[in-house]
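Numbering (full-length UniProt numbering), first residue to last: 1 to 391.
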């Protein structure tokens, strides 16, 4: 019968090496009941064993498991530590930007063989950070009961089909806004395990922009209205907007949010041009959307009908939220991964592009992502959000 192989901890190996300073290997073998052959092997590994500074309960000096997939782990760990030493808000997007700059060929190869590329890369980096002693935190969210939302959706869908049954798929619109960032929003940052999470001033927010998306239930997409943070009538509006891609619409607002002024402009300048006959405009209960002025413009100037979605039910009743926003955001991330790096003035790892360069890159990224949203995705979103009685 074969004798089972014995395993020894690093602590035991260190003890043996210490005893060998004053005893022979045979004496140590007799004292601890460890074969002389094993002790001689440890003597040959003495330098590595003495240099080990990890958990002494481990059996091996070299960790097992998969080999490191990322080509430059030391460089990335050094970058992460330097960022945190400067109290910078280190998000996964910063790590990806570092990879795009220093390991672009590896990144392209990784994305090409992984589907979906972004999610695979995200998981790889999360494992990498945990493996090298970094942790992350993120807030939790509370949700409504799904059974209640389904009941609200079914009641709303039945009333919608009853009231607007005469409108064809090319006459039912859904519009909604979504914010997006130049980098991933820093809801959590990477930091050394046990260290603090302080960040320096100016590192709390990535540049934000709002995209107003509009779809028809037949699968058509309307141009995007971009709401950009700035002073109306200021330099951005007069100098930058004319350089942005044509075919879409742009507005400047103090906080890059939708307000009454921007909403009126959207109705009159963008939506009105797309209406060929009386239509139904489906939207949420945002204040600007359901104001008296909004109803008046839609009914009197556009000759159409405004239909508000029940409060707190957009996640299940609004087509854009049900089946379009998720792929759009996914395509945004994919475009961000593959776009060329924009270097700042210094061109180093800790430098950032100018605000004007960021704004233009965000616009181009969103347009490319919007182009990837398919008519099938849009039609399916209307079917899910507004199921008919017959179905």
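Idealized CB from N, CA, C, for every residue including glycine. Only a predicted model underlies this, so the values are computations on that prediction, with no experimental measurement involved.
- Look at the beta carbons and you see the stretch 290-304 touching the stretch 271-279: at least three pairs across the two are nearer than 8 Å.
- By the Cβ rule, the stretch 281-290 counts as touching the stretch 303-318, because three or more pairs are nearer than 8 Å.
- A contact between stretches requires three or more CB pairs, one per stretch, nearer than 8 Å, and the stretch 75-90 fails this requirement with the stretch 32-41.
- With 16 or more other CB atoms across the displayed protein chains lying within 10 angstroms of its CB, residue 323 is buried.
- Using a Cβ distance threshold of 8 Å, residue 327 and residue 215 do not count as a contacting pair.
- When secondary structure is reduced to three states using DSSP, residue 59 falls in the coil class, being assigned neither helix nor strand.
- With a cut-off of 8 Å on Cβ pairs, the stretch 363-382 is in contact with the stretch 208-226, counting three or more such pairs.
- Comparing alpha carbon positions, the residue from 173, 161, 361 closest to residue 241 is 361.
- The straight-line gap separating the alpha-carbon atoms of residue 71 and residue 103 is approximately 8 Å.
- In the structure shown, residue 258 adopts coil according to DSSP, grouped into three states.
- Residue 11 places its beta carbon less than 8 Å from that of residue 57.
- For residue 239, there are no CB contacts under 6 Å within the same chain when 5 residues up- and downstream are skipped.
- Between the C-alpha atoms of residue 273 and residue 92 there is a straight-line separation of about 41 Å.
- Taken through DSSP and simplified to helix, strand or coil, residue 110 comes out as helix.
- The C-alpha of residue 367 is placed about 10 Å away from the C-alpha of residue 331.
- A residue is called buried once 16 or more other Cβ atoms fall within 10 Å of its Cβ, and residue 230 is buried on that count.
- Counting only the Cα atoms, residue 9 lies some 16 Å from residue 28.
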